[in-house]
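Protein chains in written order, with full-length UniProt numbering: chain H, 1 to 108; chain P, 1 to 108; chain S, 1 to 108. To start, the structure under review is shown below, and the notes come after it.
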Ligand code: NI
Ligand code: NI
Ligand code: NI
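See the structure below:
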């Protein structure tokens, strides 16, 4: 048994939760802020058998890893400068993950 | 020294905290949601000497374990169906508990 | 790699976060309440290489340890008793810290 603690961006949080549900993986969501990642983040605690640790890591990696994304900056309608707004490439996502040993695991 | 992380239903949270206080066990409450348990839940972190781990587990089990409870469903007063409302047996409670090894414990 | 979990008083929380930032230490803040410490508290999770554990402990000790502080009690303006309010020495701060072993650490 391992306890996996994963800090992910709020942006990826719901998608990650849905992937956990699909894979029948119980996860508790903690309210967290700041720190490892620049924007708002969420921490998941997952209790998992040793032979499924890699599966959980893969799901987190697939859903939440750092990647480039094209975003269109918001146009300031009040500005006199009416230059068109072009999409720019920004970095989103990112996950910090701890796999912690567990001496005992109980479900009462 | 062990770190015990316990996820319990909100419903049992205050009773568990009171039992911890009575037993002179320091517990930190984390705001959590969803996951291991169906309804709203709360996570407690407890730092405890090895020889008191079982005592903490017993308190959590006694206070928060899954059990059957009779509840009377709410009556819909607007409904034409005036059938009396009978108590039904529902499952409440439940706890997911991790006992995690600790390399160092400090109180500054 | 270790996971350091530190519960500190809200009062010391921002100062601790600033010290972590200065030392380039990533920390995730959890919303917590009650327990180890009497007043409102905050929990930080820090992932850190083994050879920097002592540095993190020193920062927490320096910023958040229990200490005496002189405070002037608030004067009750409505009271007939107009005795001057003298500063009293009170205990503030305090930190509870767990250093937890980590099997795997990933940043995706
Ligand atoms: Ni039982
Ligand atoms: Ni000291
Ligand atoms: Ni990758």
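Ideal Cβ placement from N, Cα and C applies to all residues, glycine included. A quick note: this is a predicted structure, and the numbers were derived from the prediction, not measured.
C-beta atoms of residue 118 of chain P and residue 70 of chain H nearer than 8 Å: Absent from the model: residue 118 of chain P. The displayed extent of chain P is 1 to 108, so no value can be given.
DSSP three-state label for residue 65 of chain S, please. coil
Got a sec: which bits of the segment 40-54 of chain H sit with their beta carbon under 8 Å from any beta carbon on chain S, in order along the chain? 41, 43 and 53
Using alpha carbons as the reference points, say which of P:26, P:87, P:90 and P:92 lies closest to residue 5 of chain P. P:26
Which bits of chain H does residue 66 of chain P rub up against, with CB to CB less than 8 Å? 108
Measure the C-alpha to C-alpha separation of residue 37 of chain S and residue 23 of chain S and round it to an integer number of angstroms. With a pLDDT of 44 at residue 37 of chain S, under the threshold of 50, the modelled position of this residue cannot be trusted, and the question is left open.
Where do the ends of the beta strand (DSSP E) carrying residue 41 of chain P lie? 41-48
Outcome for residue 49 of chain P when other beta-carbon atoms lying within 10 angstroms are tallied against a minimum of 16: exposed
Per DSSP, residue 71 of chain S is paired with what? S:88
Taking the alpha-carbon positions, what's the residue 87 of chain H to residue 73 of chain H distance? 7 Å
Apply the 10 Å Cβ neighbour rule to residue 56 of chain H and answer buried if 16 or more other Cβ atoms are within range, or exposed otherwise. buried
Taking the beta strand (DSSP E) that residue 5 of chain P belongs to, which residues open and close that run? 2-9
Three-state secondary structure (DSSP) of residue 105 of chain H: strand
What does the alpha-carbon distance come out to for the pair residue 29 of chain P and residue 16 of chain P? 11 Å
What in chain S is Cβ-close to residue 98 of chain H, meaning under 7 Å? 3, 47, 102 and 105
Quick one: does residue 30 of chain P have its CB under 8 Å from some CB of chain S? yes
Using a Cβ cut-off of 8 Å (strictly closer), state whether residue 16 of chain P contacts chain H. no
Residue 27 of chain S - partner residues in DSSP beta bridges: S:46
Alpha-carbon spacing of residue 20 of chain H relative to residue 45 of chain H, whole angstroms: 11 Å
DSSP beta-bridge partners for residue 112 of chain H? No statement about residue 112 of chain H is possible, as the shown extent of chain H runs from 1 to 108 and does not include it.
Can the beta-carbon of residue 98 of chain H be found less than 8 Å from the beta-carbon of residue 1 of chain H? no
Answer yes or no: does any C-beta atom of chain S fall closer than 8 Å to that of residue 60 of chain H? yes
State buried or exposed for residue 110 of chain P, treating a residue as buried only when at least 16 other CB atoms are found within 10 Å of its CB. Here chain P covers residues 1 to 108 and nothing more, so residue 110 of chain P does not appear.
Would you mind stating whether residue 43 of chain H and residue 10 of chain H have Cβ atoms separated by less than 8 Å? no
Beta-carbon neighbours of residue 95 of chain S, restricted to chain P and to distances below 8 Å: 106, 107 and 108
Could you tell me whether the Cβ of residue 7 of chain S comes closer than 8 Å to any Cβ of chain P? yes
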